[in-house]
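Chemist: I'd like to ask some things about the structure below.
There are 2 protein chains.
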Amino acid sequence: MTATLADRVLAGDPRGIARAISQIENDDASAGDLVARIFSHTGRAYLIGVTGPPGAGKSTLVDRLLTEFRAQQSSVGVIAVDPTSPFTGGAVLGDRLRMQQHAGDSQVFVRSMATRGHLGGLARSTGDAALVLDAAGFDIVIVETVGVGQDEVDIIRMADVSVVTLVPGTGDDVQALKAGIMEIADVFVVNKSDREGADRLVSAVEGNLALHAYANDEWRPPIVKTVATTGTGVPAVVEAIARFRARAATQQISRRRTRAEYRLRELVTERFMKHLEDEVLAEGEFGRFVDRIAAREVDPYTAADTLLKRAVSTNP
Amino acid sequence: MTATLADRVLAGDPRGIARAISQIENDDASAGDLVARIFSHTGRAYLIGVTGPPGAGKSTLVDRLLTEFRAQQSSVGVIAVDPTSPFTGGAVLGDRLRMQQHAGDSQVFVRSMATRGHLGGLARSTGDAALVLDAAGFDIVIVETVGVGQDEVDIIRMADVSVVTLVPGTGDDVQALKAGIMEIADVFVVNKSDREGADRLVSAVEGNLALHAYANDEWRPPIVKTVATTGTGVPAVVEAIARFRARAATQQISRRRTRAEYRLRELVTERFMKHLEDEVLAEGEFGRFVDRIAAREVDPYTAADTLLKRAVSTNP
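Heads up: the sequence lines are chains W and C, in that order. Residue numbers are given in our numbering: position 71 of the first sequence equals residue 112, and the series is strictly consecutive. Residue numbers are given in our numbering: position 287 of the second sequence equals residue 328, and the series is strictly consecutive.
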């Protein structure tokens with residue numbers, strides 16, 4: 042059955058793609074098999090990461106980018122990473138609405154992924170979903186994340202190019218610039234640039250870039266002003282991405298290696314924990330260690346060492 | 042030497058505390074020993090997490106909270122988690138400046154921690170730093186994080202009470218509310234509430250809360266309007282925290298168990314990876330697996346299985 046699903050993904054069947062991404066999102070046991078099967082068919086899509094603080098207009102920008110790439114005859118897959126709130130039931134509805142204009146275009150695929158609040162793994166599952174779209178033959182895969190935390194940094198770091206979207210008038214530009222995504226931006230977009238404070242924000246970003254001594258052959262992130270709602274400036278974003286793509290061959294290889302390393306570390310540790318809990322420890326034993334730590338009967342470092350010793354020597 | 046440092050922490054010596062947190066931040070080998078030594082002396086401080094999007098005025102709010110708690114004769118330690126940008130050199134300067142008013146008050150300790158951009162581990166190192174302040178005898182420990190990503194959720198989830206700070210006028214309140222921190226808030230603060238849009242933001246949060254069916258004995262997060270720069274509303278935040286603390290005994294235990302579990306999982310997987318790379322694999326072998334994945338010669342799932350099999354059977 043997984044073989045069939047992999048075949049459907051490789052054939053570009055939208056329902057097969059949707060199902061594959063659901064398996065990844067739900068962390069199904071079969072998801073690993075699927076990715077293993079399609080993996081040798083990946084590496085052809087160009088992966089664009091778009092991030093920025095809430096309210097920066099990323100969704101609108103991504104819509105516009107999609108339209109531009111379609112005008113260039115590129116097929117486009119979009120993964121929108123959207124933390125799910127149990128209050129709202131997540132972002133699926135919003136995405137359905139926003140992508141209605143591309144309904145019926147077989148060269149476009151849009152999908153939300155919920156974060157589900159589980160510990161870690163979001164960057165990997167997002168990466169796996171991007172692999173599915175890559176294997177399905179999309180020329181461009183856009184991963185859109187909301188937020189400015191480490192998780193978004195991890196997701197965006199795995200893209201071939203990172204577009205950081207900022208917005209004027211949040212009242213505290215400097216704080217926004219401290220937020221850990223500055224250093225991973227390949228292209229800055231100042232969206233809603235018709236608002237007051239846009240030039241001040243551009244200056245603040247330029248001021249930050251000026252602190253960094255760029256070598257002659259080093260990419261200096263351009264700052265593009267846009268008004269995504271009207272489309273103003275969006276072609277310049279596409280052009281900046283194309284320039285980055287054209288010149289960053291070495292960097293691209295290094296990004297792909299980073300991506301591979303992140304995946305491998307995530308998977309090995311995940312599988313190790315499963316091995317530890319399922320094969321090494323008795324049922325409920327891990328929980329009893331947790332209880333003893335919570336009760337201050339043992340410290341977490343000593344407990345971890347005890348567990349590791351048992352795990353690496355029990356299995357013959 | 043570590044014993045001495047632990048003693049200095051337990052005695053509340055500020056320089057010892059600073060040094061201990063530096064060891065944790067730098068992930069020194071001795072940091073684990075230190076935490077193991079002080080661990081049985083922890084669990085007395087009340088841990089307050091404060092988060093929210095960039096520009097929400099969290100730092101100012103935390104300053105004001107600090108002043109309020111000091112007026113109640115509580116000693117207060119603050120950990121400000123601040124993603125470091127290589128452009129700016131991090132947040133240390135900013136924190137030094139903002140806490141000048143408490144200089145000379147031995148019952149206050151303020152410390153920034155940089156995220157360093159490493160994969161994972163931030164929530165644990167933040168938690169360990171909070172343990173140091175706990176062991177040093179601070180009554181209240183405030184952990185302030187900027188951002189709305191999974192990493193912040195992980196950090197805040199480990200607090201005894203979570204204060205989520207929002208700000209009107211970012212132009213897209215709904216998007217801010219989708220950002221994954223809604224469900225972990227015990228107290229909402231709408232800061233800069235003298236701005237246009239404050240009431241609309243309060244209504245939006247209330248609308249979200251209304252979607253959730255709270256049981257009679259369940260805590261319903263209050264929404265407190267503040268203007269942190271003038272101090273308006275800050276006593277109401279302190280009061281909301283006190284009410285939460287007074288009634289949530291069961292929930293508090295469950296939080297502390299979550300915290301213990303998170304720590305244990307992080308430590309076990311970290312130690313496993315070290316074991317794998319240092320004891321099981323030859324030098325450079327892990328990197329060669331990564332290269333083969335990047336070259337699409339092997340898929341990451343197959344590679345992870347291969348590595349796990351070797352790790353759990355090599356050590357006799």
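Cβ coordinates follow ideal geometry from the N, Cα and C atoms, glycine included.
Whole angstroms is fine: what's the gap from residue 75(W)'s alpha carbon to residue 199(W)'s?
Modeler: Going by the C-alpha atoms only, they are around 20 Å apart.
Chemist: Starting from residue 151(W), follow its DSSP beta bridges and name the residues at the other end.
Modeler: DSSP output for residue 151(W) lists 119(W) as bridge partner(s).
Chemist: Residue 108(W) touches chain C at which residues, Cβ-Cβ below 9 Å?
Modeler: Under the 9 Å cutoff, chain C gives no residues; its nearest Cβ is about 21 Å from residue 108(W).
Chemist: Does residue 313(C) have its Cβ less than 8 Å from a Cβ in chain W?
Modeler: True, the Cβ-Cβ gap to chain W drops below 8 Å.
Chemist: Does the Cβ of residue 347(C) have 16 or more other Cβ atoms within 10 Å, making it buried, or fewer, making it exposed?
Modeler: Answer is exposed; the Cβ neighbour count stays below 16.
Chemist: Who are the neighbours of residue 182(W) on chain C, taking C-beta pairs under 8 Å?
Modeler: Chain C residues near residue 182(W): none, gap ~16 Å exceeds 8 Å.
Chemist: Is the distance from the Cβ of residue 358(C) to the Cβ of residue 181(C) below 8 Å?
Modeler: Absent from the structure is residue 358(C), since the part of chain C shown begins at 42 and ends at 357.
Chemist: I need the DSSP call for residue 343(C), collapsed to helix, strand or coil.
Modeler: Residue state, collapsed to three classes: helix.
Chemist: Let me know the secondary structure DSSP gives residue 2(W) once reduced to three states.
Modeler: For chain W, the structure presents residues 42 to 357; residue 2(W) sits outside this window and is missing.
Chemist: Taking just the CA atoms, how far does residue 205(W) sit from residue 103(C)?
Modeler: If I take the Cα positions, the gap works out to 28 Å.
Chemist: Starting from residue 118(C), find everything on chain W with Cβ-Cβ shorter than 9 Å and list it in chain order.
Modeler: Those within 9 Å of residue 118(C) in chain W number zero; the least Cβ separation is about 19 Å.
Chemist: Grab me the residues of residue 226(C)'s own chain with a C-beta within less than 7 Å of its C-beta, minus the 5 sequence neighbours each way, in chain order.
Modeler: 203, 205 and 262, listed in sequence order.
Chemist: Taking C-beta to C-beta, are residue 209(W) and residue 178(W) nearer than 8 Å?
Modeler: No; because the gap between Cβ atoms is not below 8 Å, this pair is not in contact.
Chemist: Can you check DSSP and say which residues form a bridge with residue 203(C)?
Modeler: According to DSSP, residue 203(C) bridges with 90(C).
Chemist: Along chain W, which residues have their Cβ under 7 Å away from the Cβ of residue 65(C)?
Modeler: By Cβ distance, chain W contributes nothing, its closest Cβ being about 12 Å from residue 65(C), past 7 Å.
Chemist: Measure the Cβ-Cβ separation of residue 171(C) and residue 184(C) and say whether it is below 8 Å.
Modeler: It is a contact, given that the beta carbons lie within the stated cut-off.
Chemist: Nearer than 7 Å: is that true of the beta carbon of residue 237(C) relative to any heavy atom of the ligand PLP?
Modeler: Ligands are entirely absent from the displayed structure, and the ligand PLP is therefore not among its contents.
Chemist: Could you name each continuous alpha helix (DSSP H) segment of 4 residues or more that falls completely within the segment 297-335 of chain W, going from the start of the chain to the end?
Modeler: Counting whole runs of 4 or more residues, the segment 297-335 of chain W contains the alpha helix (DSSP H) stretches 326-335.
Chemist: What are the start and end residues of the beta strand (DSSP E) that includes residue 66(W)?
Modeler: First-last for residue 66(W): 55-66, but that is the alpha helix (DSSP H), not the beta strand (DSSP E).
Chemist: Could you confirm whether any beta carbon from chain W is found closer than 8 Å to the beta carbon of residue 48(C)?
Modeler: Chain W, which has no Cβ nearer than 8 Å to the Cβ of residue 48(C), makes this no.
Chemist: Since I believe residue 176(W) is in contact with residue 83(W) (beta carbons under 8 Å), could you give me their beta-carbon distance rounded to a whole number of angstroms?
Modeler: Yes, residue 83(W) and residue 176(W) are in contact; Cβ-Cβ is about 5 Å, under 8 Å.
Chemist: Based on Cα-Cα distance, which residue from 86(C), 72(C), 143(C) and 186(C) lies nearest to residue 122(C)?
Modeler: When only C-alpha atoms are compared, the closest one is 186(C).
Chemist: What residues are listed by DSSP as bridge partners for residue 280(W)?
Modeler: Answer is none; residue 280(W) lacks a bridge partner.
Chemist: What would DSSP say about residue 185(W), mapped onto helix, strand or coil?
Modeler: Three-state DSSP puts residue 185(W) in a strand.
Chemist: For residue 351(W), which residues from the same chain have a beta carbon less than 7 Å from its beta carbon, with the 5 sequence-adjacent residues on both sides left out?
Modeler: The answer, listed in chain order, is 321.
Chemist: My guess is that residue 268(W) and residue 233(W) are in contact by the Cβ rule of under 8 Å, so how many angstroms apart are they, rounded?
Modeler: That pair is a contact at about 6 Å.
Chemist: Quickly, what does DSSP pair residue 265(W) with across the bridge? List them, please.
Modeler: DSSP output for residue 265(W) lists 230(W) as bridge partner(s).
Chemist: Could you check the C-alpha separation between residue 323(W) and residue 94(W) for me, to the nearest Å?
Modeler: Distance between the alpha carbons of residue 323(W) and residue 94(W): 44 Å.
Chemist: Which same chain residues end up closer than 6 Å to residue 148(C) when comparing Cβ atoms and leaving out the 5 residues on each side of it in sequence?
Modeler: Closer than 6 Å at the Cβ level, and outside the excluded window around residue 148(C), lie 116.
Chemist: With a 10 Å radius around its C-beta and 16 neighbouring C-beta atoms as the bar for buried, classify residue 249(W) as buried or exposed.
Modeler: The residue is buried, with at least 16 neighbouring Cβ atoms inside 10 Å.
Chemist: Determine whether the Cβ of residue 262(C) lies closer than 8 Å to any Cβ atom of chain W.
Modeler: Residue 262(C) does not count as touching chain W.
Chemist: Residue 306(W) to residue 285(C), Cα distance in whole Å?
Modeler: Approximately 39 Å between the Cα atoms of the pair.
Chemist: Along chain C, which residues have their Cβ under 7 Å away from the Cβ of residue 71(W)?
Modeler: Within 7 Å Cβ-Cβ: nothing; residue 71(W) doesn't reach chain C, min ~11 Å.
Chemist: What residues are listed by DSSP as bridge partners for residue 273(W)?
Modeler: Paired residues: 268(W).
Chemist: How about residue 335(C) and residue 297(W): do their beta carbons lie closer than 8 Å?
Modeler: Yes, Cβ-Cβ distance for residue 335(C) and residue 297(W) is below 8 Å.
Chemist: Distance, Cα to Cα, residue 272(C) vs residue 106(C)?
Modeler: So the two alpha carbons sit approximately 9 Å from each other.
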